[in-house]
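Note that the UniProt record's numbering has the sequence shown beginning at 1, numbered continuously upward. Input: a single structure, listed below in structure tokens.
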Amino acid sequence: MSNHLSERINSMSTSATLAMAAKARELRNQGKDIIGLSLGEPDFNIPDFIKEAAKKAIDENYSSYSPVDGYADLKQAISNKFKRDNNLEYGLNQIVVSTGAKQSLANIAMCMLNKGDEVILPAPYWVSYSDIVKLAEGVPVEVPTSIETDFKMTAAQLEAAITPKTKMLWFSSPCNPSGSVYSLEELEGLAQVLRNHPNIYVVSDEIYEHINFRGGHVSIAGIEGMYDRTITVNGVSKAFAMTGWRIGYIGAADWIAKACTKFQGQNTSGANAIAQRATITALEAPISKIQFMIDKFHERRDLILGLLGEIDGFNLNVPEGAFYVFPDISSFFGKTLNGTQIENASDFALYLLENANVATVTGQAFGNPNCIRISYAASEDEIREAVKRIKAVV
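See the structure below:
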């Protein structure tokens with residue numbers, strides 16, 4: 001009956017990360033021992049001090065509709081966070097709280113893009129960017145990068161991708177799926193190009209900012225000439241292990257924030273009241289409260305890199321943030337493994353699922369057909385066992 005559905009939904013891809021997670025669950029239900037390294041979800045429990053804040057909000061009867069753009073005191077906490085962590089000044093009228101950073105991105109696309117507007121996406125990019133842009137009738141323009149440049153787009157590549165139709169640049173740092181982190185010098189290079197093109201806006205997705213192993217996060221909005229044309233996107237899913245609480249937010253020019261509030265008001269209205277109250281407590285806490293998680297991710301990164309480095313055919317770099325490795329596995333293309341012909345990264349990821357009982361995600365979904373994404377948001381025992389299984393089948 002798909003002919004009765006809209007062209008919009010029929011042309012949309014299914015999220016590859018969610019699809020792989022669903023496939024893994026299906027196999028588990030069949031009794032298979034699947035190790036899931038496909039989802040971008042911290043495996044830690046939410047810190048107790050955040051749970052207590054949520055319980056208090058329930059007792060204080062925060063059960064009514066919240067303001068469309070978020071509670072004022074939450075927006076103040078976000079404003080304070082931007083100043084403390086990013087040296088960015090955003091007033092309350094420049095902040096919009098949404099049901100996860102994914103909704104923040106969708107709001108931006110629907111409010112900023114007209115049919116045919118081009119959006120530059122350094123590839124690899126987060127799996128949903130392309131479809132969100134297409135849904136808003138924009139045109140994704142992929143800029144390929146490689147493991148040799150740590151999957152980062154250069155200023156020269158940005159300049160070459162710009163056309164008269166270019167409206168926006170979307171990127172994440174630290175990056176999902178590559179774990180790459182743009183340095184101040186690299187962002188300065190991109191900003192230098194953009195200063196020559198004043199009508200291009202930037203979406204800077206900084207959801208992984210605290211899971212950063214290089215020491216110091218840089219926001220492109222803080223670079224000369226970029227503040228008024230950058231929409232900074234963030235949330236509490238990753239650093240605070242609050243994925244299911246669905247709170248994201250933006251800092252932007254007031255006219256962009258106003259438009260996003262208008263759009264959100266006709267779609268979902270305000271985000272969950274209890275989650276918002278708990279987020280105030282999360283954002284007001286010092287980073288030291290969550291440092292144990294960051295340190296553990298750093299240890300796991302080093303562990304999985306060491307283990308994968310022992311497997312012939314896995315070409316690795318050292319990701320400096322987030323909780324993913326993104327190995328180039330193109331050396332397996334054209335080969336037959338245990339009777340299975342491997343032609344691309346999708347074949348390889350499915351092969352690992354069916355033969356090693358390890359769920360990963362094809363790089364094809366992120367705009368890089370030579371790689372797979374492996375999440376190390378898992379216990380050390382699971383990581384060791386998963387890599388042992390992968391090594392055995394390749």
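Here a beta-carbon is modelled for each residue, glycine too, at the ideal position from N, C-alpha and C.
- Put simply, the region 58 to 76 touches the region 259 to 273. At least three CB pairs are less than 8 Å apart.
- Residue environment for residue 166: buried (at least 16 other C-beta atoms within 10 angstroms of its C-beta).
- Around the beta carbon of residue 295, fewer than 16 other beta carbons sit within 10 angstroms, so the residue counts as exposed.
- Contact between residue 293 and residue 49 is absent: CB atoms are separated by about 13 Å, not below the 8 Å threshold.
- The Cβ-Cβ distance between residue 362 and residue 16 falls below 8 Å.
- Residue pairing of residue 123 in beta bridges, as defined by DSSP: 144.
- In this structure residue 210 is buried. Its beta-carbon is surrounded by 16 or more other beta-carbon atoms within 10 angstroms.
- Using a Cβ-Cβ distance cut-off of 8 Å, the region 197 to 211 and the region 232 to 242 are in contact, since at least three pairs of beta carbons, one from each stretch, lie closer than that value.
- Look at residue 172 here: in three-state DSSP terms it is strand.
- With a beta-carbon spacing of about 14 Å, residue 331 and residue 309 fall beyond the 8 Å limit used to define contacts.
- Rounded to the nearest whole angstrom, the CA to CA distance from residue 374 to residue 286 is 30 Å.
- Counted as a single uninterrupted DSSP element, the beta strand (DSSP E) harbouring residue 373 occupies residues 372 to 375.
- Here DSSP, grouped into helix, strand and coil, assigns residue 48 to helix.
- Checking the DSSP bridge columns, you'll see residue 157 has no partner listed.
- Distance between residue 123 and residue 368, taken at the CA atoms: about 6 Å.
- Note on geometry: alpha-carbon atoms of residue 358 and residue 393 lie some 11 Å from one another.
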